[in-house]
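Numbering follows my numbering, in which position 23 of the sequence shown is assigned residue number 26; successive positions increment by one, without gaps. We put the beta carbon where it would ideally sit given N, CA and C, even for glycine. Quantities reported herein were computed from a predicted structural model and do not represent experimental measurements. The structure under discussion appears below in the form of structure tokens.
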Amino acid sequence: LNQSEVDPFNHCYVLFIKLGLTYDGMMHGEAGVPKTGILILILGVIFMKGNCATEEEVLEVLNVTRICSGRKYFFFGELKQLIKDFVREGYLEFQKVINADHWQSEFLWGPRAYAETTKMKILEFLAKVNGTDPSSFPSQYEEALQDEKEKAQARISANCLCRYRFLY
């Protein structure tokens, strides 16, 4: 979370979330309030639930924040449509799987989420919101550290490959 002073005379501040995500609803012509907060919550649920979360698990967490499916909200419309927008824009992946004797909908991180943020940034945000630190979630913390290490190695490899091509 970051803050920015918008009115120095009245000391008014705006809080905003800065985790590298660029989603603001503009790809499909919407203007208005950015919806990254809801996206970050959904990505957090997916990560905390073992990198895939059922539709019910996602909706349950959003219901706790008083964002309920079936209602139309001024800032983002209907929740299920917003989630479909996240899928369409590559932040989430949606799949149907058979669980016991019925089909179940699950969400995973999409390629754009992986490209624009990290598991560590999401975990740090969730820890901050809960008044704790990321290591308070040991399995997720280890996974996020491993993810950071792999991304760093990939950047180094790509950088070396670019230099090699430049030299020859």
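In the structure shown, Thr57 adopts extended strand secondary structure according to DSSP, grouped into three states. Taking all protein chains shown into account, Pro137 has 16 or more neighbouring C-beta atoms within 10 Å of its C-beta and is therefore buried. Distance from Val64 to Val48 at the Cβ level is roughly 5 angstroms; contact confirmed, criterion being Cβ atoms closer than 8 angstroms. For Lys152 and Leu42, the gap between their C-alpha atoms comes out near 24 angstroms. Relative to the Cα of Met51, the nearest Cα in the group Asp104, Ser142, Leu148 belongs to Ser142. One thing to note: Phe110 has its Cβ within 8 angstroms of the Cβ of Leu95.
A direct Cα-Cα distance of roughly 30 angstroms separates Ala103 from Ala116. Distance from the Cα of Val61 is smallest, within the candidate group Arg74, Thr68, Val67, Ile45, for Ile45. The distance from the Cβ of Lys38 to that of Leu85 is about 6 angstroms, consistent with a contact at the 8 angstroms cut-off. Taking all protein chains in view, the Cβ of Lys122 is crowded by 16 or more other Cβ atoms within 10 Å, so the residue is classified as buried. Nearest C-alpha to Val100 among Gly40, Glu119, Ala56: Ala56. In the three-state reduction of the DSSP assignment, Lys75 falls in the strand class, which pools E and B. About 7 angstroms separates the CB atoms of Leu126 and Tyr144; that is less than 8 angstroms, so the two are in contact. Here DSSP, grouped into helix, strand and coil, assigns Gly80 to strand. Sequence-distant Cβ neighbours of Gly53 in its own chain, meaning closer than 6 angstroms and more than five residues away, do not exist here. Straight-line spacing of the CA atoms in Ile70 and Ser160 works out to 42 angstroms.
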